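There are 2 protein chains.
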Amino acid sequence: MTLPVTGGDLQRLRRHNALAALSALRSAGPLTLTQLAERADLARATVKAAVDDLTGLGWVAELDPSGGEKGRPARRYRFRAEAGRVLGLDIGAHKVLAVVADLDGAVLHITREPVTPEQPRAERLAAVDRVVDACLAGSGTAACDVRIAVAGSTGHVDLEGRVVASRAIRDWPGVPLAEHLGARLRCPVLVDNDSRLAALAECRRGVARDAGNLVFLHIGRRAGAAIVLDGVPLRGAGGAAGEIGLHPLFNLGHVGDLLHAFPAVEPGTPPDAVAAAVFEAARGGDAAARGAVLRYVKVLALATAAMALTVDPELVVLGGGFSRSADVLLEPLRGELETMCLRTPQVRASVLGDECVAVGAVCQGVEHLSAMLFGPERGGPLPAASPVQ
Amino acid sequence: MTLPVTGGDLQRLRRHNALAALSALRSAGPLTLTQLAERADLARATVKAAVDDLTGLGWVAELDPSGGEKGRPARRYRFRAEAGRVLGLDIGAHKVLAVVADLDGAVLHITREPVTPEQPRAERLAAVDRVVDACLAGSGTAACDVRIAVAGSTGHVDLEGRVVASRAIRDWPGVPLAEHLGARLRCPVLVDNDSRLAALAECRRGVARDAGNLVFLHIGRRAGAAIVLDGVPLRGAGGAAGEIGLHPLFNLGHVGDLLHAFPAVEPGTPPDAVAAAVFEAARGGDAAARGAVLRYVKVLALATAAMALTVDPELVVLGGGFSRSADVLLEPLRGELETMCLRTPQVRASVLGDECVAVGAVCQGVEHLSAMLFGPERGGPLPAASPVQ
DNA sequence: CGCATTTATGATGGAGTCCACCATTAAGGT
DNA sequence: ACCTTAATGGTGGACTCCATCATAAATGCG
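If you read the protein sequences in the order shown, they are chains A and B. In terms of this note's numbering, the first sequence is residues 55 to 443. In terms of this note's numbering, the second sequence is residues 55 to 443.
Here it is as structure tokens:
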């Protein structure tokens, strides 16, 4: 409960101050010594020493002098986001997507490859390897410069990153994903649920930047949900948080059937096209289509209300394939929620598109690295940054 | 995202080390200097200085030498839990209960007074005042020694401690509870939802001590729920987390009706007695009673499963008045949950009885004080402890 | 062009803190 | 009575942060 389990050394004080300076540089962009001293509440001499240390380790670089001001130009320092790379992966039923980003999480390169839900495990892993290699090559990244890799997978992923169950992908539960990636990358590898990473992405970079507490709904052929509380994705005791779709009263797995109830689509059409047609018809005012959409939204709203009443979010984000038709869904969903919630959350559509999960993986990776760096006391001194580029 | 926003001073280092020693003393009981030095990873001379500082401020006291060991007897130090008092309050529909505890949260005195749901606000507040005064007097506590007061109230309590809504108590929403208590006590006052505090109590001192993630069900004439995640009560964006009972499909508010469906109780019996009779009959094997209980459990299980699927707890705790009949409820509830959950949580009955909420309030108070003390940088030096007793 | 003004830099000395080491002290065991 | 064990208290050394000062490099004005 109480935080300072261990006392501090003089060296640890110095380390702490260096990290404070680094943290200020990361969050507030390039800064001069004076600005740094103000922000970190330290004397100039102290931050100077800290910045010198950080520069020697490769974490910080000096910038061209600012110029344009009154007096003597101040030296400006910046965080060297290029001192390492982060790999984000989205391993879905229909596509595998890799993103390489720098330590600020700025995307450098994206690679993708289509797959099918029916492909066996080995083929999917081979696709992952190809996508990773291509993305590393495309971004000019050596494998040893990847500091962390985070993969999002459909299904239930436990706290150790094991895929426990997956209905959407054949032959997938039990896949040793972390080991597979770790063998090629020699860096920490995290595996998490894809909806959870998508929710994180929306919270950091998307439509939920102003919200700390949100429910993310992945709607599409498969439904999923994820929750972010106080800016932290909720995993629960076993990584199964957000699996509301399994509740007998909210059978989100049968959305396909609900949409099929709309008669004006000829049989044999693939499910995505059916959905698109129904949404389009509803948009056009077709009564039967509106009815089907409304039935769908009703189920969705019941499940969403259950989650909203449980965790009291300020925002619900609609993501996934169907969120392209959010214009048809948002209003009815708002209306339904209004009738059920104590504090009705806002409802917005996702804005990050199909790279959402991979971007969330990058966010997760960046934050995990930060936690490792800034977290409570690593034994040694500050680690050195790799001099990429 | 990144923690060390501000750098550290030499004085802050010393303060940090003193807090590390204090924290070790609080969590591990009386310790010798050598043990302290080991735990805090500091040199003996350093912890000696820290302990001397803390002794001077009243936070730490020396104990009789341990004796019984081999070599020279070591001086032993302990946290002075008597250096301040914490007040916990449970303001319910039918009773008002006050608890005074020391800084370890050890209960020193309890006072209670019955009230009715229909009493107007002023009368209830008067009862609160009487109970508080009696409890302070009974524990020999001066008002100025109370470091923090925490009150649990039924209804929706927002993050600022305002009672926004309450169906169980007449004339209660909008009551300026924090101001009312603060005027008499001159210390920080927190107000929170009662189920939330009960959940915290079970997590710290009750049947959930081994669990960090739990769902607490308050079952009785009124139903409520609360959630603890990673040891922290979940409040949500507006303090309304856990209000699953408002969901149209889980109408926990109508449990009385469900129980009335059991015919063998003569009309006019008060609801609590009806419930007790039904549970007793079910315990005895009466088929109609078992049916009524089973219908009740079914609704309860649906709501619980929705929360469990949302936050993935490791444990569900049954509290509230009906939990006295937990022997009749636990097994059917387990069975129902089994069929709906991905990872079925354990189900246990509360053990803390009707002081649960007040004890939770004390826990909350103690932890809030700790956070204030150990939290990120208070400007000045360590505050002095009051020399109570 | 030179000077005042503004702002940042770099170096020095002082104060505070932690730590390793040592002689000393106080108990139990033989 | 002596040895072993374990904790205590004190000293000097090393390190860190801070305040202060003289210096350096730019702008703007006469």
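Where a beta carbon is used, it is the ideal one built from N, C-alpha and C, also for glycine. Everything numeric in this text was worked out from a predicted model, so none of it was measured.
Counting C-beta pairs with one atom in each stretch, the stretch 126–142 of chain B and the stretch 200–207 of chain B have three or more that are closer than 8 Å, which means they touch. Cβ-Cβ distances below 6 Å link Gly414 of chain A to Leu251, Ala252, Leu254 and Ala255 in the same chain, with the five nearest sequence neighbours on each side left out; the list follows chain order.
Each residue's CA atom was taken as its position, placing Arg216 of chain A and Phe304 of chain A some 26 Å apart. A distance below 6 Å between beta-carbons, with the five flanking residues on each side excluded, links Val405 of chain B to the following residues of its chain, in chain order: Gly260 and Val261. Of all residues in the stretch 346–362 of chain B, those with a C-beta nearer than 7 Å to a C-beta of chain A are Leu356, Ala359, Ala360 and Met361, reading in chain order.
DSSP lists no beta-bridge partner residue for His148 of chain A. Here Val217 of chain A is bridged, per DSSP, to A:Val211.
Here the C-alpha atom of Leu111 of chain A lies approximately 14 Å from the C-alpha atom of Arg68 of chain A. At a C-beta separation below 8 Å, Met426 of chain B has no neighbours in chain A, since its nearest C-beta there lies roughly 11 Å away. For Asp366 of chain B, the residues of chain A that pass the 9 Å Cβ criterion are Leu288, Arg289, Gly290, Ala291, Gly292, Gly293, Ala294, Ala295, Gly296 and Glu297, in the order they occur in the chain. For Asp95 of chain B, the C-beta contacts it makes with chain A under 8 Å involve Thr60 and Gly61, in order along the chain. What Pro302 of chain A touches in chain B, judged by beta-carbon distance under 7 Å, is Met394, going in chain order. When C-alpha distances from Arg275 of chain B are compared across B:Asp156, B:Ala403 and B:Gly146, the shortest belongs to B:Gly146.
At a cut-off of 9 Å between beta carbons, Leu283 of chain A contacts chain B. DSSP, reduced to helix, strand and coil, places Phe428 of chain B within a helical segment of the structure shown. Close partners of Leu67 of chain A in chain B (Cβ separation under 7 Å): Gly62 and Leu67. Comparing alpha-carbon positions, the option among B:Gly339, B:Phe133, B:Thr195 and B:Val351 lying closest to Ser81 of chain B turns out to be B:Phe133. In terms of CA proximity to Ala99 of chain B, A:Gly61 leads the group A:Ile273, A:Gly61, A:Leu73 and A:Ala280. The alpha-carbon of Ala327 of chain B is positioned some 11 Å away from that of Pro321 of chain B.
Within the model, the alpha-carbon separation for Pro317 of chain B versus Ala335 of chain B is close to 11 Å.
Legend: CB atoms of the stretch 233–253 of chain A lying less than 7 Å from CB atoms of chain B are not found in any residue. For Arg397 of chain A, the closest Cβ of chain B is nearer than 9 Å. Against chain A, the CB of Val101 of chain B has a partner CB under 9 Å away; the residue lies at that interface.
Cβ-Cβ distances below 6 Å link Cys189 of chain A to Ala152, Val154, His163 and Thr165 in the same chain, with the five nearest sequence neighbours on each side left out; the list follows chain order. Counting C-beta atoms within 10 angstroms of its own C-beta, Gln65 of chain A has fewer than 16 neighbours from the protein chains shown and is therefore classed as exposed.
Ranked by Cα distance from His422 of chain B, the options B:Asp246, B:Arg263, B:Arg378 and B:Ala403 are led by B:Asp246. Distance between Val243 of chain B and Ala232 of chain B, taken at the CA atoms: about 6 Å. The beta strand (DSSP E) runs lying completely inside the stretch 244–294 of chain A and spanning 3 residues or more are 268–272 and 278–283, given in chain order. By the neighbour-count criterion, in which 16 or more other beta carbons inside 10 Å mark a residue as buried, Ala237 of chain B falls on the exposed side. Rounded to the nearest angstrom, the gap between the Cα atoms of Glu177 of chain B and Val218 of chain B is 19 Å.
When DSSP states are grouped into helix, strand and coil, Phe133 of chain B belongs to the strand group. Judged by DSSP in its simplified three-state form, Arg402 of chain A adopts strand. In this structure, Trp226 of chain B lies away from Ser249 of chain B, with their beta-carbon atoms at least 9 Å apart. Distances from the alpha-carbon of Glu409 of chain A to those of A:Glu167, A:Ser424, A:Ala343 and A:Pro230 put A:Glu167 closest. Cβ-Cβ separation between Ala380 of chain A and Ala403 of chain A: approximately 3 Å, consistent with a contact (criterion under 8 Å). For Ala72 of chain B, the enclosing alpha helix (DSSP H) has its first and last residue at Leu64 to Ala82.
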